[in-house]
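At position 70 of the sequence shown (counting the first as 1) the number is 70 in the numbering used here, and the numbers step up by one without a gap.
From the three backbone atoms N, C-alpha and C, an ideal C-beta is built for every residue, glycine too.
Remarks on the structure that follows.
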Amino acid sequence: MGLVCDFQTHASIRGRFSMKTGQRGMKFSMKKTRGRREAVNVRLSYGCDATGAYSSSYSRRHPIERWYVEKKLGEGGFGAVYRVRDQTGQYALKVEGVDEKVQVLKMEVFVLTELAARGGRHFCRIEDKGRFGNFNYVVMTLVGKSLQNLRKERPTQCLTLACALSVGIQCLEALEDLHGIGYLHRDVKPGNYTIGRPELRELRKVYILDFGMCRKFTNDQGVIRKPRAAAGFRGTVRYAPISCHMQRELCRKDDVETWIYQQVELTVGRVPWREVQDMNQVGEYKKRCRQPPGLYELFAPPCPKEFIEILQIVDALKYYDQPNYQQIYGLMRRALQNCGQPEFPYDWER
């Protein structure tokens with residue numbers, strides 16, 4: 001049975017991915033809808049038997065034929081994601097049209113490659129990448145459920161305090177490593193963090209995903225760039241830092257501020273402004289949460305008092321300042337020691 005993903009690009013080019021389960025290789029087609037219609041078709045498919053063996057009418061094989069397509073996992077504005085496998089196991093395949101104005105995969109590959117060279121923690125590993133016809137693709141680590149889904153599966157809609165604190169430390173470690181290579185994430189949220197897969201015994205490992213909104217905040221010499229006079233809104237309104245609402249250039253402290261809002265949602269199950277629709281009103285709400293009574297509304301029970309200390313540390317930072325990650329880890333571990341709950345097993349292991 002074929003799996004089809006249609007998407008509309010920013011350049012008004014409609015693409016159609018058709019990848020069939022039970023086959024190696026892919027059939028992609030792209031049709032331009034602006035001006036003269038022109039169909040561009042690329043086809044490469046291989047019949048497979050139950051063992052994964054295949055035959056091809058092509059004498060010259062493309063490297064992409066290595067991957068056996070099992071299932072479509074999702075789709076978005078720029079492409080689609082599939083679960084694939086080869087002789088070594090299962091992986092995630094991301095596909096994107098080469099005509100996209102915003103090359104999300106290019107950024108993702110660049111960031112993940114740099115992180116791998118630096119020994120980054122909590123990141124997917126690239127297994128394969130390339131171009132096939134009018135599409136770019138990358139094959140990487142297949143991960144498990146997102147923290148957002150894991151939270152929502154709980155009857156309380158939140159994690160236990162010990163679990164939230166332990167997972168939160170891993171989430172911040174990922175940001176520290178990303179900042180260490182000179183990049184901001186700019187879209188920190190529970191939906192962009194996942195755990196590993198149970199069959200790989202990675203239920204206690206956290207991964208950070210989606211680097212399409214990343215921005216390099218240093219130049220080639222490692223010097224921090226001067227902030228732009230004005231920057232557009234980037235990220236997700238619920239978790240965005242105050243600087244984002246004010247159209248300011250983002251910096252490392254802003255990723256950490258966003259991480260704080262994420263921590264509140266994982267711990268309490270909600271942030272106070274969750275029902276507010278207007279972006280400007282959300283920004284004003286966040287400002288009110290810097291002083292009582294808004295401060296205590298933000299850090300509602302069972303949030304530990306250490307969350308207030310962390311917010312004060314982060315709010316005191318300036319554009320060029322490096323967050324003191326070790327100080328924040330220390331506060332998180334202190335809260336973990338004082339919460340009266342065991343760190344392990346995590347909620348989804350019970």
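Check whether Cys303 and Val264 have beta carbons under 8 angstroms apart = yes
Going by C-alpha distance, which of Tyr91, Asn136 and Ile208 is nearest Glu100?
-> Asn136
From what residue to what residue does the alpha helix (DSSP H) around Ala116 run?
-> Counting along the chain, the alpha helix (DSSP H) containing Ala116 begins and ends at Val104 to Ala117.
Separation of Tyr193 from Val42, as counted between CA atoms | Interpretation of Val42 is limited by its pLDDT of 34, a score under 50 that renders its predicted location unreliable; no figure is taken from the coordinates.
Determine the extent of the alpha helix (DSSP H) in which Glu257 is found, giving its start and end residues.
-> Arg252 to Val268
Same chain, Cβ closer than 8 angstroms to Ala162, five either side skipped, listed in chain order = Leu336, Cys339, Gln341, Pro342 and Glu343
Check whether the Cβ atoms of Leu93 and Val139 lie closer than 8 angstroms to each other.
-> yes
Flag this pair as yes or no: are the beta carbons of Thr141 and Cys124 separated by less than 8 angstroms?
-> In this structure, Cys124 lies closer than 8 angstroms to Thr141 by Cβ.
Compare the beta carbon distance of Leu250 and Arg234 with 8 angstroms and say whether it is the shorter of the two.
-> yes
Looking at Leu266 and Leu172, is the spacing between their C-beta atoms short of 8 angstroms?
-> no
CB of Pro198 within 8 angstroms of CB of Gly144, strictly | yes
State the Cα-Cα distance for the pair Ile260 and Met332, rounded to the nearest angstrom.
-> 11 angstroms
Is Glu306 buried or exposed, if buried means 16 or more other CB atoms sit within 10 Å of its CB?
-> It is buried - the Cβ of Glu306 has at least 16 other Cβ atoms within 10 Å.
Please look up how many angstroms separate the CB atoms of Val98 and Asn134, rounded, as I've assumed it's under 8 angstroms.
-> 5 angstroms
Using 8 angstroms as the threshold, is the region 240 to 258 in touch with the region 181 to 188, meaning 3 or more CB pairs across them?
-> Judged by Cβ distances under 8 angstroms, the region 240 to 258 makes contact with the region 181 to 188, as three or more pairs qualify.
Same chain, Cβ closer than 7 angstroms to Glu349, neighbours up to 5 away in sequence not counted | Closer than 7 angstroms at the Cβ level, and outside the excluded window around Glu349, lie Leu203.
8 angstroms CB neighbourhood of Ile126 in its chain, flanking five on each side removed = Val109, Leu112, Thr113, Ala116, Val138, Val139 and Met140, listed in sequence order.
So, does the CB of Thr218 fall closer than 8 angstroms to a CB anywhere in chain D?
-> Chain labels in this structure do not include chain D; a single protein chain is all it has.
Near Leu311, what residues of its chain come up, given a Cβ to Cβ distance below 7 angstroms and the 5 sequence neighbours on each side ignored?
-> Contacts found: Ile260.
From Val102, Pro301 and Lys226, pick the residue whose C-alpha is nearest to that of Lys318; which is it?
-> Lys226
Measuring alpha carbon to alpha carbon, tell me which of Gln277, Met246, Asp278 and Leu298 ends up nearest Val268.
-> Leu298
Report yes if the C-beta distance between Glu96 and Gly74 is below 8 angstroms; otherwise report no.
-> no
Gly419 - containing beta strand (DSSP E), residue span | Coverage of the chain is limited to positions 1 through 350, which leaves residue 419 absent and any answer about it impossible.
Start and end residues, alpha helix (DSSP H) containing Leu73 | Careful: Leu73 lies outside any alpha helix (DSSP H), inside the beta strand (DSSP E) at Tyr68 to Glu75.
Taking the alpha carbon of Asp210 as the point to measure from, which residue in His62, Val81, Asp347 and Pro63 has its own alpha carbon closest?
-> Val81
For His245 and Gly283, believed in contact at Cβ under 8 angstroms, the rounded distance = 3 angstroms
How would you call Lys152, buried or exposed, if buried means at least 16 neighbouring beta carbons within 10 angstroms?
-> With fewer than 16 other Cβ atoms within 10 Å, it is exposed.
In its own chain, which residues sit with a C-beta less than 6 angstroms from the C-beta of Ile208, not counting the 5 before and 5 after it?
-> His122, Ala174 and Tyr193
Figure out for me which residue from Thr88, Pro155, Lys71 and Arg85 has the closest Cα to the Cα of Asp347.
-> Ranking Thr88, Pro155, Lys71 and Arg85 by Cα distance to Asp347 puts Pro155 first.
Quick one: which unbroken alpha helix (DSSP H) runs of 4-plus residues sit fully inside the region 163 to 192? Chain order, please.
-> none
Closest Cα partner of Ile224 within the set Arg215, Arg66, Gly119 and Ala231 = Arg215
For Asn338, which of helix, strand or coil comes out of DSSP?
-> helix
Thinking C-beta only, is Arg290 closer than 8 angstroms to Asp315?
-> yes
Which of helix, strand or coil DSSP assigns to Glu65 | helix
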